[in-house]
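Peer 1:
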Amino acid sequence: MRFIFLIILLSTSSLAQQSSGDSYMRGQMLYVDFCVRCHLPDGTGETGLIPPLANADFLQDIQATVQSIKYGIHGPITVNGLIYNNTMAPMGLENDEIADVTNYILNSWGNSADVIVTEAYVREIKETK
Amino acid sequence: MKLGFFVYLKIMMTRYFSYFFLLQVLFACGQPDVTISTPNHKSYTIEVIVPDLEIPWGMAFLPDNSLLITEKEGQLIHFQNGQKTIIQNVPNTYVRGQGGLMGIAIHPNYKDNNTIYFTQSTSAHSDESGGNTALYRAVLKDNRLQNVSLLYKAKPNTKKGVHFGSRIVFDNDGYLYFTIGDRGNRDVNPQDLTKDGGKVYRLTDNGKIPTNNPFVDVSNAKTAIYSYGHRNPQGMAKHPVTGEIWTHEHGPRGGDEINIIQAGKNYGWPKITYGKNYTGTVITKNKALPGLEQPLYYWIPSIAPSGMAFVHNSAYADWDGSLVVGSLKFNYLERLTFENNRVVYREKIANEIGRVRDVVLGPNGFLYLAVENKGICKIVPNP
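Keeping their order, the protein sequence lines are chains P and H.
Each residue of the first sequence is one higher than the last, beginning at 405 in the numbering used here.
Each residue of the second sequence is one higher than the last, beginning at 13 in the numbering used here.
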């Protein structure tokens with residue numbers, strides 16, 4: 405019984421790894437197309453103007469992260485103790501693309517997340533005004 | 013004396029082309045360092061005249077001094093007597109990345125024909141997914157577009173989110189120029205005359221290809237092309253004295269450029285550039301090559317230029333003869349002055365105002381800035 409349970413756990417985790425790997429790769433391409441100009445290749449942004457993504461405490465709130473990519477950011481946010489008051493326009497990405505680029509951001513430049521964001525999760529995220 | 017110099021150059025060119033070329037390269041790389049100034053004493057104030065806009069991408073004044081504003085997300089706004097009205101019947105915009113509703117211009121005879129032009133990314137007129145830049149013409153009547161016609165649509169559609177262009181300017185002969193960036197396909201589009209993207213286009217006011225366009229006789233060429241080898245021109249203006257069409261374009265990391273557009277010329281992207289990849293890796297070692305135009309000026313680091321206007325017969329005592337350019341990256345309006353088409357002075361205006369997306373010289377010679385997440389701002393000189 406315990407043996408079977410272990411096999412199931414392993415297979416799901418390797419499946420998850422594979423699909424998260426694909427998502428990560430797609431997310432990287434989207435990052436280069438849509439995000440890199442401002443947030444830079446190493447995710448450091450520009451102090452005071454463009455918030456960093458690398459080691460950013462903001463990303464611990466995955467719902468807020470997805471929301472900001474899906475609907476943009478309007479008004480001030482605080483990242484690693486600094487206030488950023490610049491608009492980020494929504495990029496017009498599809499839900500699956502938002503999932504991919506979120507997975508890339510959450511697992512790059514020293515960031516690591518223990519969940520995989522899915523298209524279904526992104527679809528459920530609503531705009532808050 | 014001057015003539016003698018040119019004769020000398022001519023001889024050099026014909027007999028010692030490579031030496032001349034070397035000279036040109038040295039000259040090109042030797043752009044004098046013109047560090048930007050930040051004047052302390054401000055001779056102006058800034059008034060927000062149209063508040064609450066997200067990404068006001070383009071502006072055009074109508075003869076009655078009311079203002080047309082494009083919002084990137086797809087609304088065309090008419091601002092008149094302090095009121096914003098959304099203009100009806102604008103075709104659907106494909107909003108993705110840098111694409112949206114972008115350039116706006118009025119016909120030189122707007123008073124007689126009420127005709128306007130605008131550019132936007134659209135997924136229409138194609139079966140492929142994604143979108144590309146398109147130029148439209150329409151008649152504006154009672155805040156509604158009539159007789160909307162598509163004058164040009166770049167192909168193919170692509171889901172790439174970058175480099176759509178797209179400004180619109182008329183020259184003194186009534187030709188319409190508009191820009192489309194390389195659409196994120198730099199190794200395919202900008203140097204290929206049979207493909208759209210990375211080009212400045214020229215059409216007649218009714219969308220026809222002028223018979224004297226430079227590539228009308230080149231087989232399979234997109235004959236609307238006027239110049240090529242561009243990356244992403246988001247600024248274009250007609251010089252008030254010479255009538256020349258000037259553009260600027262976003263470089264990659266470093267290497268934003270100002271160019272004077274001439275028929276059939278190749279402005280070099282990506283064969284030559286003063287910029288690098290965003291990762292810092294090299295795109296090409298070449299900054300100059302034979303047959304490729306040198307920029308009139310290049311910015312390192314990039315300022316992310318958007319919008320462009322010449323200051324002429326203006327309300328500002330000392331600014332006539334300058335060029336002003338919005339900076340998305342550094343949140344100011346840059347003013348540049350020239351001697352013999354060389355930049356000799358640069359300064360920041362409206363420093364820290366926000367991302368300056370567009371700038372126009374409006375009625376009575378005032379400058380108007382379109383600032384993201386703020387609105388339309390007027391620069392008012394102190395009495």
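Beta carbons are placed, not taken as given, at the ideal position from N, Cα and C, and that holds for glycine.
All figures in this text were calculated on a predicted structure; none of them were measured in a lab.
Decide if ILE270 (chain H) is buried, meaning its Cβ has at least 16 other Cβ atoms within 10 Å, or exposed.
Peer 2: It is buried - the Cβ of ILE270 (chain H) has at least 16 other Cβ atoms within 10 Å.
Peer 1: Using a cut-off of 9 Å between C-beta atoms, extract the partners of THR134 (chain H) located in chain C.
Peer 2: The structure shown has no chain C; the protein chains it does contain are P and H.
Peer 1: Rounded to whole angstroms, how far is the Cβ of ILE116 (chain H) from the Cβ of LEU74 (chain H), which I believe are closer than 8 Å?
Peer 2: About 11 Å; that fails the 8 Å criterion.
Peer 1: Just to confirm, does GLU305 (chain H) get its C-beta within under 8 Å of one of the non-hydrogen atoms of the ligand FAD?
Peer 2: Only the bare structure without any ligand can be found here, which leaves the ligand FAD out of the picture.
Peer 1: Provide the residue span of the beta strand (DSSP E) that contains VAL470 (chain P), from first to last.
Peer 2: Careful: VAL470 (chain P) lies outside any beta strand (DSSP E), inside the alpha helix (DSSP H) at 466–475.
Peer 1: Along chain P, which residues have their Cβ under 7 Å away from the Cβ of GLY266 (chain H)?
Peer 2: None at all; the shortest Cβ gap to chain P is about 13 Å.
Peer 1: In angstroms with no decimal places, state the Cα-to-Cα distance between PHE227 (chain H) and THR191 (chain H).
Peer 2: Cα to Cα, the separation comes out at about 16 Å.
Peer 1: Only counting the same chain, and skipping five residues up and downstream in sequence, which positions put a Cβ closer than 6 Å to that of PRO445 (chain P)?
Peer 2: Here the set comprises nothing.
Peer 1: Does the contact criterion of 3 or more C-beta pairs under 8 Å hold for the region 272–282 of chain H versus the region 233–240 of chain H?
Peer 2: Counting Cβ pairs under 8 Å, three or more are found: they touch.
Peer 1: According to DSSP, what are the bridge partners of VAL62 (chain H)?
Peer 2: BP columns for VAL62 (chain H) point to H:ILE388.
Peer 1: Could you check which residue in H:HIS251, H:TRP69, H:LEU335 and H:THR127 has the C-alpha nearest to that of VAL368 (chain H)?
Peer 2: Ranking the options by Cα distance to VAL368 (chain H), first place goes to H:TRP69.
Peer 1: Where does the unbroken alpha helix (DSSP H) through GLU523 (chain P) begin, and where does it stop?
Peer 2: Note, GLU523 (chain P): alpha helix (DSSP H), 523–528.
Peer 1: With which residues is GLY111 (chain H) paired in a DSSP beta bridge?
Peer 2: GLY111 (chain H) is bridged to H:ARG108.
Peer 1: Any beta-carbon of chain H closer than 9 Å to the one on THR491 (chain P)?
Peer 2: It does: the Cβ of THR491 (chain P) has a partner Cβ on chain H nearer than 9 Å.
Peer 1: Once you ignore the five residues that flank HIS478 (chain P) on each side, which residues in its own chain have a CB closer than 7 Å to its CB?
Peer 2: Answer for HIS478 (chain P): THR491, listed in chain order.
Peer 1: So SER318 (chain H) packs on LEU345 (chain H), CB below 8 Å; how close in whole Å?
Peer 2: Contact doesn't hold; Cβ gap of about 11 Å is too wide.
Peer 1: Counting only Cβ-Cβ distances shorter than 9 Å, please list the residues of the region 422–443 of chain P near chain H, keeping chain order.
Peer 2: Correct list: LEU434, VAL436, ASP437, PHE438, VAL440, ARG441 and CYS442.
Peer 1: State the DSSP-derived secondary structure class of TYR187 (chain H), mapped to helix, strand or coil.
Peer 2: TYR187 (chain H): coil per DSSP, three-state reduction.
Peer 1: Just to confirm before moving on: does the CB-CB distance between ILE473 (chain P) and ILE454 (chain P) stay below 9 Å?
Peer 2: For ILE473 (chain P) and ILE454 (chain P), no; Cβs fall outside 9 Å.
Peer 1: Just how far apart, CA to CA, sit ASN101 (chain H) and THR448 (chain P)?
Peer 2: For ASN101 (chain H) and THR448 (chain P), the distance between alpha carbons rounds to 42 Å.
Peer 1: Can you name the residues of chain P whose CB is closer than 9 Å to the CB of ARG108 (chain H)?
Peer 2: By Cβ distance, chain P contributes PHE438, MET495, GLY496 and LEU497.
Peer 1: Check whether chain P comes within 9 Å of ILE89 (chain H), counting only Cβ atoms and requiring the distance to be less than that.
Peer 2: Not one chain P Cβ lies under 9 Å of ILE89 (chain H).
Peer 1: At least one CB of chain P closer than 9 Å to the CB of GLU66 (chain H): is that the case?
Peer 2: Output row for GLU66 (chain H): interface = yes.
Peer 1: Please decide whether GLU269 (chain H) counts as near chain P, where near means a Cβ-Cβ distance under 9 Å.
Peer 2: Closer than 9 Å: no.
Peer 1: Using beta carbons (cut-off 9 Å, strictly below), is THR416 (chain P) in contact with chain H?
Peer 2: Note that THR416 (chain P) scores 43 on pLDDT, short of 50, meaning its location in the model is unreliable and no value can be drawn from it.
Peer 1: Within the same chain, show all residues whose beta-carbon is closer than 6 Å to that of LEU34 (chain H), passing over the 5 residues directly before and after it, in chain order.
Peer 2: Because the pLDDT of LEU34 (chain H) is 43, which lies under 50, any placement of that residue in the model is unreliable, and the number read from its coordinates should be weighed accordingly. Nothing listed; no residue qualifies.
Peer 1: Any beta carbon from chain H within less than 9 Å of PRO445 (chain P)'s own beta carbon?
Peer 2: Cβ-Cβ to chain H under 9 Å: yes for PRO445 (chain P).
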